[in-house]
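In the working numbering, the protein residues as written are 6 to 304.
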Ligand code: NAP
């Protein structure tokens, strides 16, 4: 048996189309254009690539993109003054500060400065609390994308045993909250979990968000399970002169022989993350304007 491959690239393209149709309707029916502000501090090359890609996709779906580049030595006061202006700007519905930031700045304090209703990365304490207590929240983009793919692959998730490996605020914890809200029986695991392989073998749904290349072996997977591999681990080229390779936290070749469905790396979770950022911006825009929740974009 070979697992169905969950094509995150195609799924993300479909989600961006849905976003674009909501944007077109907001413009036509209400004269509103959703806007996403991206703040980049410094000139980290990888961050510049991510930010450019976000800005391009924002414009591609018909939204407004507000780019703010600040020097690496920007003062905390100046950065916060910009965030305050964006918080107050009615044309800006989502605000994202690209991390990492230079060491003299605090990521936690930056996130806290952003209006929770515009925190489209879903990173603030307020949004974590809203999610945990079942209130309307902005949900962190990566776990939101994972949930959308799980729903597509499995339909109703009620009663399924779900195991999440990793307990980061960015991925593991919100993922577990989302699965709990779907009525899964959720087990969260981490670096201190005893006999992880045995715990994972019980999983109908496995989400691996660890950062250890190919840590999850094929014989850890329950036959027929749905496996979502969040890991993005850059590996040296397989042969001299070749390109770097991106591998996940799951041994894909072995796991696909056992699983029912599995996301590849690359081409699985990664493309969904930016698509969910766009989706969150439209959701934030609708909420800010008292309009009904857009269909197909939220958890
Ligand atoms: P993180 O903050 O470093 O958290 C990693 C988690 O994995 C921690 O909770 C850690 O446990 C756990 N862990 C580490 N070694 C383990 C082991 N041997 N056994 C079991 N658990 C272990 O990482 P993250 O931000 O959540 O990201 C995880 C991975 O997802 C990374 O590869 C990252 O690049 C990728 N990622 C991808 C996307 C995307 O868009 N595709 C987005 C975000 C992240 P402790 O808490 O006990 O230390």
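Even glycine gets a Cβ: it sits at the ideal position worked out from N, Cα and C. Quantities reported herein were computed from a predicted structural model and do not represent experimental measurements.
Beta-bridge partners of residue 74 (DSSP): 45. In the structure shown, the three-state DSSP call for residue 300 is coil. Taking the Cα positions, residue 50 is about 10 Å away from residue 56. Beta-bridge partners of residue 102 (DSSP): 44.
As computed with DSSP, residue 266 is found in a beta bridge with 9, 231.
In the DSSP assignment, residue 190 falls within the unbroken beta strand (DSSP E) covering 190 to 194. Under the 8 Å Cβ criterion, the stretch 52 to 66 does not count as touching the stretch 246 to 263, having fewer than three qualifying pairs. Taking 7 Å as the cut-off, the C-beta of residue 147 counts as close to a heavy atom of the ligand NAP.
Cβ neighbours of residue 88 within its own chain (closer than 8 Å, five residues either side excluded): 44, 100, 102, 115, 118, 119.
Boundaries of the beta strand (DSSP E) harbouring residue 250: 250 to 252, taken from the DSSP string. Proximity to residue 148 across 276, 290, 8 peaks at 276, based on C-alpha coordinates. Ranking 235, 265, 109 by CA distance to the CA of residue 77 puts 109 first. With a cutoff of 8 Å on beta-carbon distance, residue 66 and residue 97 are scored as not near each other. Here the distance from the Cβ of residue 217 to the nearest heavy atom of the ligand NAP is below 7 Å. For the set 22, 42, 19, 18, the Cα lying nearest the Cα of residue 290 is the one of 42. Three or more Cβ pairs closer than 8 Å define a contact, and the stretch 252 to 272 falls short of that threshold against the stretch 122 to 129.
Burial state of residue 6 is exposed, judged by a 10 Å Cβ sphere holding fewer than 16 other Cβ atoms. Around the beta-carbon of residue 179, 16 or more other beta-carbon atoms lie within 10 Å, marking it buried. Scanning the stretch 141 to 187 for uninterrupted beta strand (DSSP E) segments of 3 residues or longer gives 166 to 170, listed from N- to C-terminal end. With at least 16 other beta carbons inside 10 angstroms of its own, residue 27 counts as buried.
In this structure the stretch 219 to 236 touches the stretch 143 to 158; the number of beta carbon pairs closer than 8 Å is three or more. Residue side-chain check: residue 204 keeps its Cβ at 7 Å or more from all non-hydrogen atoms of the ligand NAP.
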